[in-house]
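J.: Each residue of the sequence shown is one higher than the last, beginning at 1072 in my numbering.
Just so it is clear, CB atoms sit at the ideal spot from N, CA and C, and this is done for glycine as well.
Quick caveat, the model's predicted, so the values are computed rather than measured.
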Amino acid sequence: MSGQDSSSAGASGTDDASGGLLATIVPDAIRRNFALKFGIVLVVMALSVGAIGLLATDQVRTYTETQVTDEYRGVAAQEGNIIEQWFERNRLSVQFVSSSDVWTSDDAEDLRAELRNREAGLSADVSNVHLVEREITGTSIVASTSLSAGTNVSTINRGWTTETQFDRAGEVVHSSVYQTQTGPVVGFMSPVDASQNRYIVIEYAVGGITESLQGSERSAGGFTQVVNASNVVMLDEGPDGGVGDALLQPYASGSEATAPISAANDLRGRDQEAGVVATMPASSVLDEKYTVGYSPIAGTDWVVLVHAPYSAVFGFVENVQLYGLVGTALMVLLIGGVGAALGYNTATAIDRLTRKTDQMRQGNLDVDISTARIDNIGRLYDGFGDMRNALKQQIDEAERARKEAEVSRAEAMEVNNYLQEKADEFSEVMEAAAAGNLTERMETDGENESMDRIASEFNGMINELEKTVGQLRSFADDVADSGDVVLTSAESVRDASEQVAESVQKISDDAYDQKERLQTLSEDLDHLVETLERLEAENPEVDMGDSLAEFRTTATTLQEAADTSEAMMAESETVAGAAEEQAAELNEVSTRAERLKRYAQPLGDILNRFETEAEHEFVFSGGPSQGLAENDDE
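(1) Please classify T1281 as buried or exposed, where buried requires at least 16 neighbouring CB atoms within 10 angstroms.
(2) Measuring CA to CA, which of G1398, L1393, I1533, V1384 is closest to E1136?
(3) Per DSSP, F1158 is paired with what?
(4) Could you give the C-beta distance for P1380 and Y1361, rounded to a whole number, given that I count them as a contact under 8 Å?
(5) Mind checking who S1211 pairs with in its DSSP beta bridge?
(6) Which term fits N1199, buried or exposed, when burial requires 16 or more other beta carbons within 10 angstroms of its beta carbon?
(7) Y1249 to T1233, Cα distance in whole Å?
(8) Distance, Cα to Cα, D1457 vs G1407?
(9) Within this structure, are the beta carbons of V1403 and A1127 separated by less than 8 Å?
(10) Excluding sequence positions up to five away, which residues of its chain have a Cβ less than 7 Å from the Cβ of D1372?
(11) Helix, strand or coil for F1259, going by three-state DSSP, please let me know.
(12) Using alpha carbons as the reference points, say which of V1173, S1324, G1110, Y1322 lies closest to A1214.
(13) Using CA coordinates, which residue listed in R1473, L1462, V1478, L1536 is at the minimum distance from R1432?
(14) Tell me the rounded alpha-carbon separation between Q1491 and K1427.
(15) Specify the secondary structure class of N1487 as computed by DSSP and reduced to three states.
(16) Quick check: the Cα distance between F1436 and Q1430, rounded to an integer number of angstroms?
(17) Report, in whole angstroms, the separation of the C-beta atoms of V1168 and I1273, which I expect to be a contact under 8 Å.
(18) Would you mind stating whether M1640 and S1579 have Cβ atoms separated by less than 8 Å?
(19) Pull up the distance between the alpha-carbon of G1110 and that of V1409, whole angstroms please.
(20) If you reduce the DSSP assignment to three classes, tell me which class E1274 lands in.
(21) In the structure shown, what three-state DSSP assignment does F1294 receive?
(22) Report the rounded CA-to-CA distance for R1339 versus P1367, giving the unit in angstroms.
(23) Look up R1524 in the DSSP assignment and say whether it is helix, strand or coil.
(24) Between T1539 and S1545, what straight-line distance do the alpha-carbon atoms span, to the nearest angstrom?
(25) Taking all protein chains shown into account, do 16 or more other C-beta atoms lie within 10 angstroms of the C-beta of G1395, making it buried, or fewer, making it exposed?
(26) Assuming V1257 contacts V1277 (C-beta within less than 8 Å), just tell me the rounded distance between them.
(27) State the CB to CB distance for the pair A1345 and Y1365, rounded to an integer number of angstroms; the pair is presumed to be in contact (CB under 8 Å).
(28) Is Q1765 helix, strand or coil by DSSP?
(29) In angstroms, rounded to a whole number, what distance separates the CA positions of I1227 and Q1267?
(30) Can you tell me whether T1362 is helix, strand or coil according to DSSP?
(31) Enumerate in chain order the residues of its own chain whose CB-to-CB distance from T1175 is below 6 Å, with the five nearest sequence positions on each side excluded.
(32) Quick one: grab the DSSP three-state call for D1552.
(33) Beta-carbon within less than 8 Å of E1659's beta-carbon, same chain only, minus the 5 sequence neighbours each way: which residues are those?
(34) Straight-line CA distance for R1205 to E1159?
(35) According to DSSP, simplified to helix, strand and coil, what is D1086?
(36) Along the beta strand (DSSP E) that carries D1181, what are the first and last residues, could you check?
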């Protein structure tokens, strides 16, 4: 894959998979190439699966090998137990036979008959039963089931009976395997309890115990051998279940081949019963790599060795390992093959899509973006196709919008030129109106509703303004005339009010003087009445009742006249005060009329500057100037 899209995603920071710690570790050359990244992932997956497969295979192999080793160790222990039980059974039989008192008899025939009876009661693998006696001249046969009495044991291959020593009665010792006229046997010897120099010797054939060994049955090509401390084979399992040809032959030469014997002897006295050497090189024992299990036989210096070819013992383990390796290899190849196919297919599809997007980026929107895939890659193709179609639609819409914008721009320029011309015309009209020429009007042409509405509203406003200016001009003149009339009327009324005030003041002064005189007269009459009453009281004969009554009536009348004068004086003062107040108010009216007249003159001068087509008189509903005008008309 070319990697343009990947690099773009990495540059924009929107590719979450390329961010974080990996982005700082993985080189850009790898991050830009999807196929390389996919290949690395496949290699990592293949190596991981391979490593896991190898580890699992090794674990299975180890586990299986351990199981087989434990099983083979158990086989060696089992074989050793069989031989130990065989020895123990034979020891007990010999000990039982030697404990009888019958063996002290000197009658050879009776002893021979007793030996045969005892032989018949023993196990089937008993070969011979002997009663021997040790003397100074040597050890000889006293009675036997197969030998003549008086025969020296040294001459018949039983010399081991002469050398055997016993520490106690009932003790049983055994010999190594030796050949007799009936075959290989193991002799068991025990002293007779009732005699000091007689011994029971029972010979057991090894064929029976050899047949009980199962080394050959455990594995193909396997066999069991029992070897003594002298490295001589005591028991040898033959291929047909009988005694093998290696009986009484040296086991092997070399320390490596005899290492299992030493290992078995090392187990004596320990809890572990057996051991296994999984891999032994080819030697005189077997001409191929083999496995040997070993176990010591208690009470003897013998060692059980169970042999089998390595391929037979661990063949299953090797097969498991082989199958595991083959399975791991197949899994790795499968992952690699399938992953490579998927990766190639995906990378090819993405590269093809990348090339198409490059063509789209260069402006070719007619490129075919289609695929038969219905997976994520197919949906990605569909998404790019939809995006391409949407982009084409947007470009078409943008082209249409551009053309419409050009038309609109041309129309806007035309409208703008029209508006500029109308604005210039309207500006000239408004400048004329600002200069005082209210006769100019804006023209309407029906081209633009807004401009026509502005012109209509402006013309209406100018009409109103022209009418208002005419009315204000008439109003200013009327104000000036009314101010003169008011000023004249106010001066006349003020003079009259001042005269009224002076007259009232004079009346008030005269009323005050009259009041003073009336009060003086009233006081004098009161004093006179008191004098007359005192005189009448001093001169009862003088009758002045009527005079006193008249004087009292006169005094009362004078007092009432004085009160009336006082009330009239108060009323005069009130009238005088009102006249003064009216005069003051008329002064204020005169002042305001003078001010109004002073203001009306500049207003008239300003309004006279405006040029209008008609004068519009502003009519007041009554007023001094109107009344004056009406009087002049009359």
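T.: Well, looking at it:
(1) buried
(2) V1384
(3) Its beta-bridge partners do not exist; DSSP assigns none.
(4) 5 Å
(5) E1204, N1223
(6) buried
(7) 15 Å
(8) 35 Å
(9) no
(10) N1299, A1300
(11) strand
(12) V1173
(13) L1462
(14) 53 Å
(15) helix
(16) According to the sequence provided, residue 1436 is Leu. The question's Phe does not apply to it. Cα to Cα, L1436 sits roughly 8 Å from Q1430.
(17) 7 Å
(18) yes
(19) 12 Å
(20) strand
(21) strand
(22) 7 Å
(23) helix
(24) 10 Å
(25) buried
(26) 6 Å
(27) 6 Å
(28) Nothing can be reported for residue 1765, as the shown portion of the chain is limited to 1072 through 1705.
(29) 23 Å
(30) strand
(31) A1265, S1266
(32) helix
(33) none
(34) 26 Å
(35) Low confidence applies to D1086: its pLDDT is 49, below 50, so where it sits in the model is not reliable, and the reading given next is rough at best. Coil, per DSSP.
(36) No beta strand (DSSP E) contains D1181, which is instead part of the alpha helix (DSSP H) from 1179 to 1192.
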